[in-house]
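Trainee: Here it is, the structure, as structure tokens.
In the working numbering, the protein residues as written are 102 to 272.
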């Protein structure tokens, strides 16, 4: 199960964008409103993280993330893109599932375990398939909150290429 930081208001299904920058820009607007951060601050942080290396983890999934000094609790959003976009992931599959994670610097010790958990959940074929078929925000949250184990033999590879938190802060 993914940490309970995603609400139905944080879920956007079949968002049409023109590419990675467009997708991150639209996601930044939505997540900034909920987090109380400025839209440009969120967008610049997400773009900076992408500049350091793609947040695509393969199988059509990306997990853009950034750390912030100015939030006190994690903020997340789930976006399903239609059509999928190129995100330079490890397998070159176009990305359609985007789970964005903003994390407080004050809780940095919990960041990598949470990111790892998100990766494990989203790498499970059953979960990805369900998310691709979901018709509502309620269905998305039910799939992500499913207590059945999501086993991925390659879950450790998800964190390869991830930037350590110190590099993300004040991005």
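Note that beta-carbon positions come from the ideal geometry of N, C-alpha and C, so glycine has one too.
1) Should residue 157 be labelled buried (16 or more other beta-carbon atoms within 10 Å of its own) or exposed?
2) Are the CB atoms of residue 190 and residue 230 nearer to each other than 9 angstroms?
3) If you draw a straight line from the C-alpha of residue 235 to the C-alpha of residue 169, how long is it?
4) Please state whether the Cβ-Cβ distance between residue 114 and residue 127 is less than 9 angstroms.
5) Would a check of beta-carbon distances place residue 239 closer than 9 angstroms to chain C?
6) In three-state DSSP terms, what is residue 159?
7) Classify residue 130: buried if its beta carbon has 16 or more other beta carbons within 10 angstroms, exposed otherwise.
8) Select from 132, 136, 134, 148 the residue whose C-alpha is nearest the C-alpha of residue 120.
9) Contact check, residue 202 vs residue 219 under 8 angstroms by CB: the rounded distance?
10) To which residues of the same chain is residue 195 closer than 7 angstroms at the C-beta, ignoring the five residues directly before and after it?
11) From the DSSP output, in three-state form, read off residue 138 for me.
12) Can you give the beta carbon distance from residue 164 to residue 205, rounded, assuming they're within the 8 angstroms contact cut?
13) Alpha carbon to alpha carbon, how far is residue 200 from residue 210? Give it in angstroms, no decimals.
Mentor: Looking at the coordinates:
1) In the chain shown, the residue the question calls residue 157 occupies position 56. Classification of residue 157: buried, given that the 10 Å Cβ count is 16 or more.
2) Walking along the chain shown from the start, residue 190 turns up at place 89. Walking along the chain shown from the start, residue 230 turns up at place 129. No, the Cβ-Cβ distance between residue 190 and residue 230 is not below 9 angstroms.
3) The residue you call residue 235 lines up with position 134 of the chain shown. The residue you call residue 169 lines up with position 68 of the chain shown. Rounded to the nearest angstrom, the two C-alpha atoms are 31 angstroms apart.
4) Here the question's residue 114 lines up with position 13 in the chain shown. Here the question's residue 127 lines up with position 26 in the chain shown. Contact flag unset, no.
5) Of the protein chains in this structure there is only one, and it is not chain C.
6) The count along the chain shown starts at 1 and reaches residue 159 at position 58. The three-state reading of DSSP puts residue 159 in strand, counting E and B together.
7) Against the chain shown, residue 130 aligns to sequence position 29. Counting of Cβ neighbours within 10 angstroms places residue 130 among the exposed residues, the total staying below 16.
8) On the chain shown, residue 120 is found 19 positions in, with the first residue counted as 1. Of the candidates 132, 136, 134, 148, the one whose C-alpha sits nearest the C-alpha of residue 120 is 148.
9) Residue 202 sits at position 101 when you count from the first residue of the chain shown. Residue 219 sits at position 118 when you count from the first residue of the chain shown. For residue 202 against residue 219, the beta-carbon gap comes to about 7 angstroms, under 8 angstroms, which counts as contact.
10) As a first step, residue 195 must be located in the chain shown, where it is residue number 94. Setting aside the 5 residues that flank it on each side, residue 195 is surrounded in the same chain by 161, 185, 186, 187, each with a C-beta closer than 7 angstroms to its C-beta; the list follows chain order.
11) In the chain shown, the residue the question calls residue 138 occupies position 37. Of the three classes helix, strand and coil, the one that applies to residue 138 here is coil, per DSSP.
12) Walking along the chain shown from the start, residue 164 turns up at place 63. Walking along the chain shown from the start, residue 205 turns up at place 104. Between residue 205 and residue 164 the Cβ distance is about 17 angstroms, and since that is not below 8 angstroms, they are no contact.
13) Position 109 of the chain shown, counted from the start, is the residue given in the question as residue 210. Position 99 of the chain shown, counted from the start, is the residue given in the question as residue 200. The alpha-carbon atoms of residue 210 and residue 200 are separated by roughly 20 angstroms.
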